[in-house]
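Okay, structure first, notes after.
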Amino acid sequence: MCKACYHCGEDVPVNTDFKVEILGELREMCCPGCETVAQTIIDSGLVSYYQYRTAPAEKADLVPEQLQALIHYDNEEVQNEFVRNSDELSEVTLSLDGISCAACAWLIEKQLSHTSGVVQIRVNTTTNRALLSWNNTKTKLSDLLAAIHRLGYKAAPFEADQQEAAYHQAMKQYLYRLGIAGLATMQVMMLAVALYLEVFGDLDVEFRNYFRWVSLIFATPVMLYSALPFYINAWRSIRSRTLGMDVPVSIAMIFAYVASVIATVTEQGEVFFESISMFAFFLLVGRFLEMRARRKAAAASGNLLKLIPSMATTIDGEQIPVKTLKIGDQVRVLPGEHIPADGIIIDGRIHIDESMLTGESVPVVKQIGDSIFAGTLNGEESFVLEVRSSKADSMISNIVRLQDEAQLSKPKIAEIADVVARYFVAVILIIAAGTWFYWQQNQPEDAFWIMLAVLVATCPCALSLATPTALTCATSRMGNFGILLRKSHVFETLCKVNHLIVDKTGTLTHGDIEISDVALHGSLDKQQALEIAAALESHANHPLARAFRPFLNPQLVVDSIENVIGSGISGLYSGQTVKIGSANFVLSDKRAQSTNAIYLSLNGEHVATFTYQDPIRKESKQFIEQFRAAGIRVTLLTGDSEQNAQLVAKQIGIDDVIFDAKPQDKLDYLKSGGKNDITMMIGDGINDAPTLAGAHLSIAMGGGTDVAKASADMVLLGDNLDRILKARELALKTRRIIAENLAWSLGYNLLILPLAVAGLVAPYFAVVGMSASSIIVVSNSLRLLKEQGQ
Numbered sequence: 001m002c003k004a005c006y007h008c009g010e011d012v013p014v015n016t017d018f019k020v021e022i023l024g025e026l027r028e029m030c031c032p033g034c035e036t037v038a039q040t041i042i043d044s045g046l047v048s049y050y051q052y053r054t055a056p057a058e059k060a061d062l063v064p065e066q067l068q069a070l071i072h073y074d075n076e077e078v079q080n081e082f083v084r085n086s087d088e089l090s091e092v093t094l095s096l097d098g099i100s101c102a103a104c105a106w107l108i109e110k111q112l113s114h115t116s117g118v119v120q121i122r123v124n125t126t127t128n129r130a131l132l133s134w135n136n137t138k139t140k141l142s143d144l145l146a147a148i149h150r151l152g153y154k155a156a157p158f159e160a161d162q163q164e165a166a167y168h169q170a171m172k173q174y175l176y177r178l179g180i181a182g183l184a185t186m187q188v189m190m191l192a193v194a195l196y197l198e199v200f201g202d203l204d205v206e207f208r209n210y211f212r213w214v215s216l217i218f219a220t221p222v223m224l225y226s227a228l229p230f231y232i233n234a235w236r237s238i239r240s241r242t243l244g245m246d247v248p249v250s251i252a253m254i255f256a257y258v259a260s261v262i263a264t265v266t267e268q269g270e271v272f273f274e275s276i277s278m279f280a281f282f283l284l285v286g287r288f289l290e291m292r293a294r295r296k297a298a299a300a301s302g303n304l305l306k307l308i309p310s311m312a313t314t315i316d317g318e319q320i321p322v323k324t325l326k327i328g329d330q331v332r333v334l335p336g337e338h339i340p341a342d343g344i345i346i347d348g349r350i351h352i353d354e355s356m357l358t359g360e361s362v363p364v365v366k367q368i369g370d371s372i373f374a375g376t377l378n379g380e381e382s383f384v385l386e387v388r389s390s391k392a393d394s395m396i397s398n399i400v401r402l403q404d405e406a407q408l409s410k411p412k413i414a415e416i417a418d419v420v421a422r423y424f425v426a427v428i429l430i431i432a433a434g435t436w437f438y439w440q441q442n443q444p445e446d447a448f449w450i451m452l453a454v455l456v457a458t459c460p461c462a463l464s465l466a467t468p469t470a471l472t473c474a475t476s477r478m479g480n481f482g483i484l485l486r487k488s489h490v491f492e493t494l495c496k497v498n499h500l501i502v503d504k505t506g507t508l509t510h511g512d513i514e515i516s517d518v519a520l521h522g523s524l525d526k527q528q529a530l531e532i533a534a535a536l537e538s539h540a541n542h543p544l545a546r547a548f549r550p551f552l553n554p555q556l557v558v559d560s561i562e563n564v565i566g567s568g569i570s571g572l573y574s575g576q577t578v579k580i581g582s583a584n585f586v587l588s589d590k591r592a593q594s595t596n597a598i599y600l601s602l603n604g605e606h607v608a609t610f611t612y613q614d615p616i617r618k619e620s621k622q623f624i625e626q627f628r629a630a631g632i633r634v635t636l637l638t639g640d641s642e643q644n645a646q647l648v649a650k651q652i653g654i655d656d657v658i659f660d661a662k663p664q665d666k667l668d669y670l671k672s673g674g675k676n677d678i679t680m681m682i683g684d685g686i687n688d689a690p691t692l693a694g695a696h697l698s699i700a701m702g703g704g705t706d707v708a709k710a711s712a713d714m715v716l717l718g719d720n721l722d723r724i725l726k727a728r729e730l731a732l733k734t735r736r737i738i739a740e741n742l743a744w745s746l747g748y749n750l751l752i753l754p755l756a757v758a759g760l761v762a763p764y765f766a767v768v769g770m771s772a773s774s775i776i777v778v779s780n781s782l783r784l785l786k787e788q789g790q
């Protein structure tokens, strides 16, 4: 008689040997396919599929639904929506379910970091997200998601709508658990108070014990259902040999319940059913309010992604899903619609509301060839958009990713707090055991109560929340200011800056340079000179280069381009060498140089001089004055001429001016600073990139080059310098609130611990105090979201 395949149920052919160890036994399989799939299920930690299935799998559907969902994420087309790829490296933002404290984050980071192919994983307990980087040639995303599932957590690529649905589902479950705990607490407390006050003191012992059994009936659903999240979190911690916040809480509740059941059955000793119900109720209230507060702090960046519409309109008027758009596709954007993807304008002259990116409410004029970004709002004219990037690489997705990176990269103070919290739990367990032993010798009837109070009152939840909640709120507020954070150290360093180094063109000035005059010195006429200059400058992205765009002639070709950073551009036009740039780069006769001018030469002959002007930003003077008033030294560091640099410096009040500085000169100046110098550099051009990378803190203007933005710690999306002043004020307040949070959490634990050990804290007060301390820390951090001004 043939044996049945353990996986699919079909007959196992004779003379085959396909076996997989499942649930402790070798199970026979009918074919290599079933063997492979079964082994995959076991390796992915999904063995429970075999325990709970009600029928064998079919050949056409070998993989259980849970595993199928993970493998689905390996599909390249699916990944295009949420995975960012760079050669062999891939990166994705994950939503995590089941994260409750810093120990959970530590566990996931520790386990995944040792997995083959993983480059880095960082978990944010405030937003319940993780940033995962891996080598896509060594491992698959589904394998990494399965590894997280094996730890007892659920993980999936972050999508704002799905995470919001998961959040509402979690809140609904918490409300159910909270309701049961609340009802049980009221019923049990009525019986307990009556017994405590000896209202039934004249009743027989049998009736008194009857009330204990009633209390047991009410308290049991609380233990088995309401308090379940605490046990799950505690078990995860113990299984991974670490100590989370819920370990002492779970131990306290289980001990109290077991002792009360024994006392009820044996009719000897005290019962603690009212304390158990109250513990669960107040703990759940605290967690519920904490989840709401953390959700509020994390919602801002996720809400940005909701601005990207789900459907787009083709040129023919057909509605298609935005997720199906590919680079090069063209769509029509109707008046009043949100832009579906990053791209360029093919047809039309429009007004775009970019306030969600820059914080500026005034619409921006966009013309053919200009870039626009997904989620921004179209004005009153329709236009044709050509898609230039996927959703995963869109500006909004990059903003969300960079904000997550800034929050995930923990400052030193946060790392210290997490380590202290983990060791603090171990110390509390030891102290609780010692407390019970002492009181058992001296006052045995109260020993258990006092030990429970120690375990619950001193749980360091607030300590772990102190820093991450404040940083998450502050990062969200920075986004409202139109400032994009790229590094986590921004808040710490911004408070310490004592030397501001600022570029001129495009930073203190608008960078919207106009050609005010053209002086001809050779055989070219004005139109020819402007068109050749425009052809050369089309290969640069400096503000001065953009001034020539109106004169660009597509028919005029200049090739063999060479861009000499900080000097100019050279190329070949009709077989002749053409150069545009500074006098030192273009001219053989340096006497021809003048203020606010660049030069054009043809085969070494000086043929044209272009005079330009660049107005100073109206906020530049006040910006510099406020930094100087704060005792911060200010230096103007520019590659422009002495005349131009001194002119701007005089108007806005800068005494320290460094001019004619090439990129290496700027970097050398930065390195020449004293040991006590904490520098902040603001720039916008390619020539500022080395300095931006080398400064303690760097800010790139939003209208600057991509190289400058990539080198900076912060990007000022709206080009409004006033926002940097607000950012500094916010950083100072963030530092103060973190200090307040740490002082409160540490102070509370140091105060409550000796009182609890001394038996002066009742268990119900202990749980109220622990929950209140966490809520106070989170609420204090939420003040950062209420900063006035935009």
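In full-length UniProt numbering, the protein residues as written are 1 to 790. For every residue, glycine included, the Cβ atom is placed at its ideal position computed from N, Cα and C.
Can you tell me which of Leu-742, Thr-505, Asp-559 puts its alpha carbon nearest to the alpha carbon of Phe-659?
-> As a working note, residue 659 is residue 659 in the sequence shown. Out of Leu-742, Thr-505, Asp-559, Thr-505 has the C-alpha closest to the C-alpha of Phe-659.
State the DSSP-derived secondary structure class of Asp-656, mapped to helix, strand or coil.
-> For this step, residue 656 is matched to residue 656 along the sequence shown. Three-state DSSP puts Asp-656 in a strand.
Rounded Cβ spacing between Leu-667 and Met-681 (contact assumed at less than 8 Å) = Here residue 667 refers to the residue found at position 667 of the sequence shown. Here residue 681 refers to the residue found at position 681 of the sequence shown. The Cβ separation is near 10 Å, so there is no contact.
Near Ala-426, what residues of its chain come up, given a Cβ to Cβ distance below 7 Å and the 5 sequence neighbours on each side ignored?
-> Mapped onto the sequence shown, residue 426 falls at position 426. Hits under 7 Å: Leu-243.
Just checking my contact of Glu-109 with Ile-121 at CB under 8 Å: how many whole Å lie between their CB atoms?
-> Counted from its first residue, the sequence shown places residue 109 at position 109. Counted from its first residue, the sequence shown places residue 121 at position 121. Correct: roughly 6 Å between the Cβ atoms.
Around the Cβ of Ser-394, are there at least 16 other Cβ atoms within 10 angstroms (buried) or fewer (exposed)?
-> Within the sequence shown, numbered from 1, the residue matching residue 394 stands at position 394. Buried is the call here.
With distances taken Cα to Cα, identify the nearest neighbour of Leu-183 among Lys-172, Glu-274, Arg-239.
-> One-based indexing of the sequence shown puts residue 183 at position 183. Comparing Cα positions, the closest option is Glu-274.
Between which two residues does the alpha helix (DSSP H) harbouring Leu-760 extend?
-> Along the sequence shown, one-based indexing puts residue 760 at 760. Run containing Leu-760: none; DSSP gives neither H nor E here.
Pick helix, strand or coil for His-499, following the three-state DSSP scheme.
-> By 1-based counting over the sequence shown, the position of residue 499 is 499. In the structure shown, His-499 sits in a strand (DSSP, three-state: E or B).
Answer yes if the region 466 to 476 comes into contact with the region 766 to 785, meaning at least three C-beta pairs across the two stretches below 8 Å, and no otherwise.
-> yes
Return the chain-ordered list of same chain residues with a C-beta closer than 7 Å to the C-beta of Leu-494, the five sequence neighbours on each side being excluded.
-> As a position in the sequence shown, residue 494 is number 494, starting the count at 1. The answer, listed in chain order, is Leu-697, Ala-727, Arg-728, Ala-731.
Expressed to the nearest angstrom, what Euclidean distance is found between the alpha-carbon atoms of Glu-386 and Ala-374?
-> Counting from one through the sequence shown, the residue named residue 386 turns up at place 386. Counting from one through the sequence shown, the residue named residue 374 turns up at place 374. Spanning the two alpha carbons is a distance of roughly 12 Å.
In or out: Ile-276 buried (at least 16 other Cβ within 10 Å) or exposed?
-> What you label residue 276 is simply residue 276 of the sequence shown in a count that begins at 1. Result: buried.
N- and C-terminal bounds of the beta strand (DSSP E) containing Ser-260 = Looking up residue 260 in the sequence shown gives position 260. No beta strand (DSSP E) holds Ser-260; the alpha helix (DSSP H) holding it covers 246 to 266.
Residue closest to Val-497, alpha-carbon to alpha-carbon, out of Arg-628, Thr-458, Ser-641 = Against the sequence shown, residue 497 aligns to sequence position 497. Measuring from the Cα of Val-497, the nearest candidate turns out to be Arg-628.
Leaving aside the five residues before and after Gly-789 along the sequence, list all residues of the same chain whose C-beta is less than 6 Å from its C-beta, in chain order.
-> By 1-based counting over the sequence shown, the position of residue 789 is 789. Unreliable placement is indicated for Gly-789, whose pLDDT of 42 sits below 50; the coordinate value is still reported in the next sentence. Excluding positions up to five away in sequence, the list is empty.
Enumerate, from N- to C-terminal direction, the unbroken beta strand (DSSP E) stretches of 3 or more residues contained entirely within the region 605 to 658.
-> 605 to 613, 633 to 637, 656 to 658
Counted within 10 angstroms of its Cβ, other Cβ atoms place Lys-579 as buried (16 or more) or exposed | If you number the sequence shown from 1, residue 579 lands on position 579. Buried, since its Cβ has 16 or more Cβ neighbours within 10 Å.
Are there 16 or more other CB atoms within 10 angstroms of the CB of Ala-474, so buried, or fewer, so exposed?
-> For this step, residue 474 is matched to residue 474 along the sequence shown. Buried, because 16 or more other Cβ atoms sit within 10 Å of the Cβ of Ala-474.
Endpoints, beta strand (DSSP E) assigned at Val-384 = Reading the sequence shown from its first residue, position 384 is the one you call residue 384. Counting along the chain, the beta strand (DSSP E) containing Val-384 begins and ends at 383 to 387.
Beta-carbon separation (whole angstroms), Val-364 vs Ile-315, contact threshold 8 Å = Position 364 of the sequence shown holds residue 364. Position 315 of the sequence shown holds residue 315. Their Cβ separation, rounded to whole angstroms, is 24 Å, which puts Val-364 and Ile-315 out of contact at 8 Å.
Is it true that the region 559 to 578 meets the region 613 to 633, where meeting means three or more beta-carbon pairs spaced less than 8 Å apart?
-> no
For Gln-576, which option in Val-607, Lys-19, Pro-550, Pro-554 has the closest C-alpha, if you only look at C-alpha atoms?
-> In the sequence shown, the residue the question calls residue 576 occupies position 576. Closest by alpha carbon: Val-607.
Touch test, the region 637 to 646 against the region 538 to 558, Cβ-Cβ under 8 Å, three pairs minimum = no
Under the three-state reduction of DSSP, which class applies to Ile-776: helix, strand or coil?
-> Sequence index remark: in the sequence shown, residue 776 carries index 776 (1-based). Of the three classes helix, strand and coil, the one that applies to Ile-776 here is helix, per DSSP.
With DSSP as the reference, label Thr-493 as helix, strand or coil.
-> By one-based count along the sequence shown, residue 493 stands at place 493. Residue state, collapsed to three classes: helix.
Mind checking which residues open and close the alpha helix (DSSP H) that includes Asp-446?
-> Residue 446 sits at position 446 when you count from the first residue of the sequence shown. Residues 444 to 457.
Using the Cα positions of Ile-450 and Ala-762, report the straight-line distance between them to the nearest angstrom.
-> Taking the first residue of the sequence shown as 1, we reach residue 450 at position 450. Taking the first residue of the sequence shown as 1, we reach residue 762 at position 762. Approximately 7 Å, taken between the alpha carbons.
Apart from the five residues just before and just after Ala-529, which ones in its own chain have a Cβ nearer than 7 Å to its Cβ?
-> Along the sequence shown, read from residue 1 onward, the residue named residue 529 stands at position 529. So the list reads Val-518, Leu-520, Leu-600, Val-607, Ala-608, once near-sequence residues are dropped.
May I have the straight-line CA-CA distance separating Asp-61 from Arg-546, to the nearest angstrom?
-> On the sequence shown, position 61 is the one that residue 61 refers to. On the sequence shown, position 546 is the one that residue 546 refers to. Unreliable positioning characterises Asp-61 in this predicted model, as indicated by a pLDDT of 42, which lies under 50. The coordinate reading is nonetheless provided below. So the alpha carbons of these two residues sit roughly 59 Å apart.
Please list, in chain order, all residues of the same chain as Ala-227 whose beta carbon is under 7 Å from its beta carbon, the five residues on each side excluded.
-> Numbered from its first residue, the sequence shown carries residue 227 at position 227. Hits under 7 Å: Met-253, Ala-280.
Among the residues of its own chain, which have a CB less than 8 Å from the CB of Thr-139, if the five just before and after it don't count?
-> Your numbering for residue 139 matches position 139 in the sequence shown. Once the five neighbours on either side are set aside, the close Cβ partners of Thr-139 are Thr-115, Ser-116, Gly-117, Val-118.
My understanding is that Ala-457 touches Ala-756, with C-beta atoms under 8 Å, so please give their C-beta distance in whole angstroms.
-> Counting from one through the sequence shown, the residue named residue 457 turns up at place 457. Counting from one through the sequence shown, the residue named residue 756 turns up at place 756. Yes, Ala-457 and Ala-756 are in contact; Cβ-Cβ is about 5 Å, under 8 Å.
Roughly how many angstroms lie between the CA atoms of Asp-342 and Arg-332, to the nearest whole one?
-> Numbered from 1 along the sequence shown, position 342 holds the residue referred to as residue 342. Numbered from 1 along the sequence shown, position 332 holds the residue referred to as residue 332. Approximately 13 Å between the Cα atoms of the pair.
Expressed to the nearest angstrom, what Euclidean distance is found between the alpha-carbon atoms of Arg-617 and Ile-483?
-> If you number the sequence shown from 1, residue 617 lands on position 617. If you number the sequence shown from 1, residue 483 lands on position 483. C-alpha separation (whole angstroms): 18 Å.
Let me know if Gly-359 comes out buried or exposed under the rule of 16 or more other beta-carbons within 10 Å of its beta-carbon.
-> Counting from one through the sequence shown, the residue named residue 359 turns up at place 359. In this prediction, Gly-359 scores a pLDDT of 49, lower than 50, which makes its location untrustworthy; no coordinate-derived value is stated.
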